[in-house]
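The block underneath contains the structure these notes are about, expressed in structure tokens.
Below is the structure:
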């Protein structure tokens, strides 16, 4: 496994592989890998060609007061996990190469980035689209893999790829959960044992949304209200948002459809957690 | 010469060429071609591989009240000129493909886009970077050719390519002028015979800047004032801006250096014209 820390070196590596007619799948991450990231690498490995994971804690997607400084990092463990998977290369650029002192260019995708996480974190998605555009240009992948856990990010990146005509297929991997239902996230390390139990309220709320839908409820407003009550009943949680949306536009669903998405974000302890659940599982293909 | 009007068809054309190990040079234009455009195509042809010209009058780089609707077009003449040059393909997409109804993504490069044309035309460079990013993704060129006539556009696009790590070499062709010194522009067609004479004042002003520099003047302020006087002496011209700048940052030069650039924009009749001149010819390589 090649460990590449320089942009020019990564671009040369990619050029050589493409010149040999070899395909590339890229899995962009912020490191501190968990089973969710690994499942994306396995998807890419199964698709053939080379798999490149990127590890970069992207400063431009963190707002002031957010957890950039304390975001968990463990390079040695990450590299060990990736080596065991058998991927071709890891790209770990320094912030100085990604954002040199005179850096001034941003990619902005409105539409699905509006509201929800975009309301709570106003510069977040601009940072995400900008770093992903850079990583796409540096690694020139045929396919790029993202986790459905970050559903709004998926909607924003698919919109960016469509709008700017990136010659790249975006492939979405299903959310990987702990046995008790908590969606895997590098940020789960922030949770105390007590917080960890409290945090389960978000997957319970989303599951209630799905149950009520299965029982025939189709009103986005009533489903949202029911899910909100679940969160409100838990004293040690602060609600950021909860709702049901079109998975492509991220507009709130008035009359809920099978391919829509229940979404939520909560604060537990000093941690912000997001999660989402298909209204109707398996109706909508993950590879659209 | 292939004439391609569909984005997916262009992407397939490019994929086939790259798979065969062939390189691509792209010359993005808004059509109504003149010798400046043709000289860029010849640069690309000389560099080998395939040359692709694009013709698209990009609506997002025109502000309200600007000349989008009356921008000159002559597809038949353009295609004839390109065919005679011997380029491989022309890409002429419809606006509906470039900007579908749910389009929401823009590339924004601050820095060199601030001031000058960026002050007079506030959304202009955002439109330019956005369309060029799209054309780069669609045509996947090894090299892209732009004219030095649009010097601020060159600075902005080079900054975008550096910042977003496009794997593309930007090559700049020298400004092509009419025998009397007027820089070639598709917009020159707007000029009446009388306007045509009046318009020469801009290249005269820039030439005076260079002469004074050659005589030893190094103050950006005094050089600008001298050039401004030349424009002011011409009653049928309205000055937009005139100045001397660093060619990379487009910041006004306080103490003028050999690699700086005299720049100006004027209104003549119903036409806005821009021009620029190297402070010191041939010192700064056009291929940097």
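Chains as they are written, first to last, in the numbering used here: chain Z, 1237 to 1524; chain G, 1237 to 1524. All C-beta atoms, glycine included, are put in the ideal place defined by N, C-alpha and C. Keep in mind it's a predicted model, so treat the numbers as computed, not measured.
Just measuring C-alpha positions, the residue of Z/1248, Z/1364, Z/1254, Z/1321 sitting nearest residue 1271 of chain Z is Z/1321. Residue contact check for residue 1270 of chain G against chain Z: no CB pair falls below 8 Å. With respect to chain Z, the C-beta atom of residue 1374 of chain G has a partner C-beta closer than 8 Å. By DSSP's assignment, residue 1455 of chain G forms a beta bridge with G/1491. For residue 1416 of chain G, the secondary structure class from DSSP, reduced to helix, strand or coil, is coil. Sixteen is the threshold: since fewer than 16 other Cβ atoms of the shown chains lie within 10 Å of the Cβ of residue 1428 of chain Z, the residue is exposed. Below the 7 Å Cβ cutoff, chain Z contributes 1403 as neighbours of residue 1247 of chain G, in chain order.
For residue 1238 of chain Z, the enclosing beta strand (DSSP E) stretches over residues 1238 to 1240. In this model, residue 1516 of chain Z and residue 1446 of chain Z are separated by some 7 Å (Cα to Cα).
Secondary structure within the region 1352 to 1429 of chain G: the alpha helix (DSSP H) runs of 4 or more consecutive residues, fully enclosed, are 1353 to 1356, 1360 to 1375, 1387 to 1400 (chain order). One alpha carbon belongs to residue 1291 of chain G, the other to residue 1448 of chain G, and they sit about 40 Å apart. Residues of the region 1338 to 1369 of chain G with a Cβ closer than 7 Å to any Cβ of chain Z, in chain order: 1338, 1339, 1340, 1341, 1342, 1343, 1344, 1345, 1346, 1347, 1369.
In this structure residue 1441 of chain Z does not touch residue 1407 of chain Z by the C-beta definition: roughly 28 Å separates them, more than the 8 Å allowed. Contacts with chain G at 8 Å (Cβ-Cβ) do not include residue 1513 of chain Z.
1395, 1396, 1399, 1400, 1401, 1402: these are the residues of the region 1379 to 1402 of chain G whose beta carbon lies less than 7 Å from some beta carbon of chain Z, given in chain order.
Put simply, the CB of residue 1488 of chain G is far from chain Z, with every gap to its CB atoms at 8 Å or more. Contact check between the region 1477 to 1494 of chain Z and the region 1348 to 1355 of chain Z: three or more CB pairs, one atom from each, fall below 8 Å, which counts as touching.
When CB distances to chain G are screened at a threshold of 9 Å, the residues of the region 1249 to 1278 of chain Z falling below it are 1250, 1251, 1254, 1255, 1257, in chain order. Nearest to residue 1323 of chain G by C-alpha distance, out of G/1341, G/1314, G/1329, G/1331, is G/1314.
Against chain G, a Cβ distance below 8 Å from residue 1243 of chain Z picks out 1401. For a cut-off of 8 Å, the C-beta gap from residue 1466 of chain G to residue 1444 of chain G is around 6 Å, short enough to register as a contact. In this structure, the beta-carbon distance from residue 1309 of chain G to residue 1268 of chain G falls below 8 Å. Under the three-state reduction of DSSP, residue 1484 of chain G is assigned to coil, being neither helix nor strand.
Rounded to whole angstroms, residue 1400 of chain G and residue 1374 of chain Z show a C-alpha spacing of 9 Å. Comparing alpha-carbon positions, the option among G/1287, G/1240, G/1505, G/1462 lying closest to residue 1333 of chain G turns out to be G/1240. According to the DSSP assignment, residue 1250 of chain G belongs to the alpha helix (DSSP H) that extends over 1243 to 1255.
In the three-state reduction of the DSSP assignment, residue 1330 of chain Z falls in the coil class.
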